[in-house]
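Chemist: The following block contains the structure, expressed as C-alpha cells.
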Amino acid sequence: MNNSYDKFSEYYDIYTSFVDYELWSKYIYALADKDLTNKNILDLGCGSGEMLLSIDEMTNANLYGVDISEEMLSIADQNAFFKNKKLNLIKCDMSKFICDIKFDLIYSACDSMNYLLNEEEFIDTLNNAYEILNENSIFTFDIINKDHIETNDDFSYENIYFVIKRKKEENYLYTDIKIYEDKKEAENISHKQRLYSIDEIKKMYNKTKFDDILFYDFLTAKGIEKTSDKIQIILKKY
Ligand SMILES: C[S@@+](CC[C@H](N)C(=O)[O-])C[C@H]1O[C@@H](n2cnc3c(N)ncnc32)[C@H](O)[C@@H]1O
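Here my numbering = 1-based position in the sequence shown + 12.
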C-alpha cells in the first residue's frame, strides 16, 4: 500500500504546476494512434485527474481513472467539477484492478508504475491491463530511467516552498519532500519507488500476453538515450 499521496494531495497540483499536461496528453494520444472519440480510456494512478482532463479537451471519450489514494481521487473529482467534466473515478490498487469494461487506450503517467514495489505487482498490472484492453490498442506508461536519476531541484510557488531530496539505493528511489508554507514547515512527505531496468521490464513483458513492446525516449518516438530522464514504454495488443 502506498498512501503517501493522501498527505501529499493538498499540494500535488501546486507541485505539478509546471507540468505541461496538454503536451503530454497529446503525446499519449499520438501513441494510441487511433481515433478515440466515444471510446473508453483508462488512467492507472490518475492522481488529481489533470491528464484525463487534458485528454478530454481533445476527444469526447469516456474517461476512467484508478488511484489507490482516496484523497487524490477527491481532488480529481473537484478538478472535474470545476471544469464541468465527468470522470469515472475508482479507488483501487492498480495491480488488482479488473472490470467488465474494455478500453481502447490504457495509460499510466508520471512514473506511477514505479510505485509498484515488486515484480509480482508489476506483472499483475500488465496482465490485468491486457485483459481489459480491446484488440489493436496499447497500454503505455513512463518509468524513471534507473541509470539517470534527476537531481534535487527545490522550487517555490507563491508562498509554498518544496525542498526535495532524492536518494537511490540499489533498486529503490527514496524521495523526501519538505513543504514550507509562509516559511513554516507544513508537511513532510516520503515516497518510495522501485527502479526497474529495461532488462527487467523485458522479462516481465515476456510473462504477459502482449504482442509487442517499444521503448521510447520520453515525449519522443525515438530510442532511449543514456541521458533520458524517463522512458516511455508501449505495450501492444493486436
Ligand atoms: C506521481 S503521481 C501521478 C499522478 C498522475 N498520473 C499525474 O500524471 O499527475 C502517482 C499516483 O499514483 C498513485 N498510486 C501509487 N501507487 C498506486 C497503486 N498501487 N495503485 C493505484 N494508484 C497508485 C498515487 O496515489 C498517485 O496519485
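We treat Cβ as the ideally placed atom computed from N, Cα and C, and that holds for glycine.
Just the Cα atoms here: how many angstroms apart are D18 and M125?
Modeler: 17 Å
Chemist: Compare the beta carbon distance of T220 and H203 with 7 Å and say whether it is the shorter of the two.
Modeler: no
Chemist: By DSSP's criteria, N52 is part of a beta bridge. Which residues make up the other side?
Modeler: DSSP lists N74 as partners of N52.
Chemist: For N164, count the other beta carbons within 10 Å of its own beta carbon; 16 or more makes it buried, fewer makes it exposed. Which is it?
Modeler: exposed
Chemist: Using 8 Å for Cβ pairs, my map puts L56 next to I118. What's the rounded Cβ distance?
Modeler: 7 Å
Chemist: What's the gap between the Cα of S37 and the Cα of I67?
Modeler: Their Cα atoms are separated by approximately 6 Å.
Chemist: Nearer than 6 Å: is that true of the beta carbon of C122 relative to any heavy atom of ligand 1?
Modeler: yes
Chemist: Note down the Cα distance separating Y250 from K114, rounded to an integer number of angstroms.
Modeler: 14 Å
Chemist: Just tell me which of L129, Y169, K108, Y24 has its CA closest to the CA of T137.
Modeler: K108
Chemist: Quick check: what's the CA-CA separation for I213 versus S60?
Modeler: 27 Å
Chemist: Just checking S81 against ligand 1 - is the residue's beta carbon closer than 6 Å to any of the ligand's heavy atoms?
Modeler: For S81, the distance from the CB to the nearest heavy atom of ligand 1 is below 6 Å.
Chemist: Checking the sheet assignment: what are the DSSP bridge partners for L117?
Modeler: I53, I150
Chemist: Can you tell me where the alpha helix (DSSP H) holding F20 begins and where it ends?
Modeler: 16-27
Chemist: Tell me the rounded alpha-carbon separation between E237 and D229.
Modeler: Rounded to the nearest whole angstrom, the C-alpha separation of E237 and D229 is 6 Å.
Chemist: Mind reading off the beta-carbon distance from A198 to D154? Whole number of angstroms is fine, and I expect it under 8 Å.
Modeler: Contact doesn't hold; Cβ gap of about 29 Å is too wide.
Chemist: For A92, count the other beta carbons within 10 Å of its own beta carbon; 16 or more makes it buried, fewer makes it exposed. Which is it?
Modeler: buried
Chemist: To which residues does DSSP link E83 through a beta bridge?
Modeler: Under DSSP, E83 shares a beta bridge with no residue.
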